[in-house]
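Heads up, the sequence shown is in UniProt numbering, so the first residue is 1 and it goes up one at a time.
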Amino acid sequence: MQRFNSFNLIHKALRAMLYDAALTLQQTYYADVEEAEAALAKVETVIHHFEQHAHHEDTFVLPAIEAFEPQLVEEFEQEHVAHHEIGNRLQTLLTIYRSLQTSEERVNCGSCISKSFRDFMVFNINHMAKEEIEINRVLWANYTDQELLDLNARLTAGIPPEEKMVTAKWMLRSINKAEAISWLQAVKETSPSFVFDALIDMTYTELPEQIRAEVQEAVMEEELLF
């Protein structure tokens, strides 16, 4: 039986944010301040969402496994500290870039930003993969799927609506059609109608075109029967 993986959707969204920002940085001509600023703003958004994700894990997920494997919790807490330090170094480079006056300085700093972002991306991709293996191993050994769903509900309840909508956009861009159908049906069954309606509206712009109609039809099937 496939167990509930609370990391699956959010990690897909976060990885997509990383890939998107990495491609933008590769395409950016840093001597063009306006073009570079758009890329830097995208990087800052990524840093923010990863910081928030780490905070949610520290607050809800790690305490759930501490009684069973305290050493593992300490290991992940240390990795979150390392993640924060890598993010701070990247943010510092963004600040430095904005203070520069010549094209040559900006291009050189841009190269440093791209390298620093790659470090940030590689660290977090490996970190998330480790979480899905090690933390899930402990969660699945000690909690039922319903208990994990309840834990996930408590975690998401404290996330501001605007942050949820940004995350939802990246989830829709990143997941397969079975995951999209399952997620949207769960939202329809457990959330206020305006939340579900907002997500359905978002599918028209964020779901990949090749799966959009199939997902919408599957999720809206009940409404079409009446």
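All C-beta atoms in this analysis are idealised placements derived from N, C-alpha and C, irrespective of residue type, glycine included.
- Message: Here's a check: name, in chain order, each residue in its chain whose Cβ is nearer than 7 Å to the Cβ of I96, leaving out the five neighbours to either side.
- Response: C109.
Endpoints, alpha helix (DSSP H) assigned at residue 228: In the structure as shown, the chain starts at 1 and stops at 226, and residue 228 therefore has no counterpart that could be examined.
| Cβ shell of F7 (< 8 Å), same chain only, five flanking positions each side left out | Apart from the 5 residues on each side of it in sequence, F7 sits with its Cβ closer than 8 Å to the Cβ of M128, E131, E132, I135 and N136 in its chain, given in chain order.
Does the distance from the CB of L41 to the CB of T28 come in under 8 Å?
Correcting the residue identity first, residue 41 is Ala in this sequence and not Leu. Contact: no.
*Could you tell me whether the region 14-28 touches the region 44-52, where touching means 3 or more Cβ pairs closer than 8 Å?*
yes
I need the DSSP call for S6, collapsed to helix, strand or coil.
DSSP, reduced to helix, strand and coil, places S6 outside both helices and strands of the structure shown, so it counts as coil.
**Q.** Residue burial classification, L224 (beta-carbon count within 10 angstroms, cutoff 16)
**A.** At L224 the pLDDT is 47, less than 50, meaning the model places this residue with poor confidence and gives no usable figure here.
Coarse secondary structure for T102, derived from DSSP in three states: Three-state result, T102: coil.
**Asked** Taking the alpha-carbon positions, what's the residue 232 to T24 distance?
**Response** Look at the range of the chain in this structure, 1 to 226, and you will see that residue 232 is not part of it.
Check your understanding: Exposed or buried, Y30, counting other C-beta atoms within 10 Å across all chains shown (16 or more means buried)?
Key -> buried
* So L155 and F60 are in contact, right, with Cβ under 8 Å, and what is the actual spacing, rounded? -> 4 Å
Quick check on this structure: which residue in R212, V138 and I113 has the alpha carbon closest to the alpha carbon of A67? V138
- So is G158 buried or exposed if we call it buried at 16+ other beta carbons inside 10 Å? Here G158 is exposed, its C-beta having fewer than 16 other C-beta atoms within 10 Å.
Check: Curious, which full-length alpha helix (DSSP H) runs of at least 4 residues does the UniProt domain "Hemerythrin-like" (10-132) contain?
Finding: 33-56, 62-66, 70-99 and 103-130
DSSP three-state call for S191: helix, strand or coil? S191 carries a coil assignment under DSSP once its states are collapsed to helix, strand and coil.
In terms of residue numbering, what span does the alpha helix (DSSP H) encompassing E147 cover?
-> D145 to A157
Worksheet entry | Beta-carbon spacing of V43, L90 below 8 Å | yes
**M121 burial status per 10 Å Cβ neighbour count (16 or more: buried)** = buried
- Query: Any idea if V219 is buried or exposed, counting beta-carbon neighbours within 10 angstroms, 16 or more meaning buried?
  - Reply: buried
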